[in-house]
Structures are given as C-alpha cells and as structure tokens.
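Engineer:
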Amino acid sequence: MFFEQNGGALLKQKINSQGTHDTMTLFSSTQLRKATNNYSQEQIVGRGGYGVVYKGVLSDKRVVAIKKSKIVDGSQAEQFINEVLILTQVIHRNVENRLRIAAEAAGALAYLHSETIMPIIHRD
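Numbers 1 to 124, taken from full-length UniProt numbering, label the letters of the sequence shown in order.
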C-alpha cells in the first residue's frame, strides 16, 4: 500500500514502458532493512538533499548501495524514480553483471552511484 501511494505505480509504469521489467528486481522493505542492518549509522556511505545512501549486503552476499529517500511530495517522487531508472543503465566497473534494483517503498531505492564509465552529475 505504501509503495503504491508513494510512487510505486509510476515506477512500475516507467519500468514497463522501458522494457526493463525482466531485469529489475524489487526488494521488500524488510529485505532492505536486513541488508543495511536496519539502516545502521555504521552503514552510511553518503548523504544528499534527497536521502541517505547505505552500504548493504544482500542475502546472496552481493554488496550494494541502498538509497533511502526523503521524498516529501509527488514531484520529488517522480524525480527520484527518474534517477533510479537512469541509474539502472549505469555500468559500474566493480559489477560482474549490471545489477538493477528498485525498492518496494519509494523511501528506499537502491542504486550504484560512483566510478561509472560515463559520470552522472546530479543535485543530490
């Protein structure tokens, strides 16, 4: 319910329109809390205007960056979703295969964020 009310429907629509629904994994908020040790302060790797980025370890031992968003209104949700969709196209030198992650809740979306082949500059 929270997911649908906070940008989830828009994210699903954009995923389907881009044809990436088979390559993107949706994680539950429970899985994200577990990966970040309940969003532990020790797991923080960065902060920005739209949220906090945590180091996370998935159940299969892959290390990922998980962004917990501070979305206040609908326009910010759409902006954040667009950022996630752009970042799903990023090729990171430390990733065996591109890992595309979106969160169940709009407040916790995952993404890889640095050392890309083509730098991404944004106001986060």
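Backbone N, C-alpha and C define an ideal beta-carbon position, used for all residues, glycine too. These numbers come from a predicted model, not from an experiment.
#1: So what's Thr30 in DSSP terms, helix, strand or just coil?
#2: If Lys68 sits next to Gly51, beta carbons under 8 Å apart, how far is it from one beta carbon to the other, in whole angstroms?
#3: Which of helix, strand or coil does DSSP assign to Ser17?
#4: Can you tell me where the beta strand (DSSP E) holding Ser69 begins and where it ends?
#5: Please confirm if Val57 has its CB atom under 8 Å from at least one CB of chain C.
#6: To which residues does DSSP link Ile44 through a beta bridge?
#7: When the Cα atoms are used, what is the spatial distance from Leu99 to Gln41?
#8: Pull up the distance between the alpha-carbon of Leu26 and that of Asp60, whole angstroms please.
#9: Buried or exposed: which applies to Val53, given that a residue is buried once 16 or more other Cβ atoms fall within 10 Å of its Cβ?
#10: Apply the 10 Å Cβ neighbour rule to Ile81 and answer buried if 16 or more other Cβ atoms are within range, or exposed otherwise.
Structural biologist: Based on what the coordinates show:
#1: Counting from one through the sequence shown, the residue named residue 30 turns up at place 30. Residue state, collapsed to three classes: helix.
#2: Within the sequence shown, numbered from 1, the residue matching residue 68 stands at position 68. Within the sequence shown, numbered from 1, the residue matching residue 51 stands at position 51. Contact flag correct, Cβ pair sits at about 5 Å.
#3: If you number the sequence shown from 1, residue 17 lands on position 17. Correct three-state label for Ser17: helix.
#4: For the purposes of this step, residue 69 is taken as the residue at position 69 of the sequence shown. Run containing Ser69: 63-69, per the beta strand (DSSP E) assignment.
#5: Going by chain labels, chain C is absent from the structure shown, which holds only one protein chain.
#6: As a position in the sequence shown, residue 44 is number 44, starting the count at 1. DSSP lists Tyr54 as partners of Ile44.
#7: Position 99 of the sequence shown, counted from the first residue, corresponds to residue 99. Position 41 of the sequence shown, counted from the first residue, corresponds to residue 41. Confidence at Leu99 is low in this model, with a pLDDT of 39, below 50, so the placement of that residue should be treated as unreliable; the coordinate-derived value is given next. Each residue's alpha carbon lies about 24 Å from the other.
#8: On the sequence shown, residue 26 is found 26 positions in, with the first residue counted as 1. On the sequence shown, residue 60 is found 60 positions in, with the first residue counted as 1. The straight-line gap from Cα to Cα measures roughly 15 Å.
#9: Start at 1 with the first residue of the sequence shown, and residue 53 comes out as number 53. Its Cβ being crowded by 16 or more others within 10 Å, Val53 is buried.
#10: Reading the sequence shown from its first residue, position 81 is the one you call residue 81. Buried, by the Cβ-count rule.
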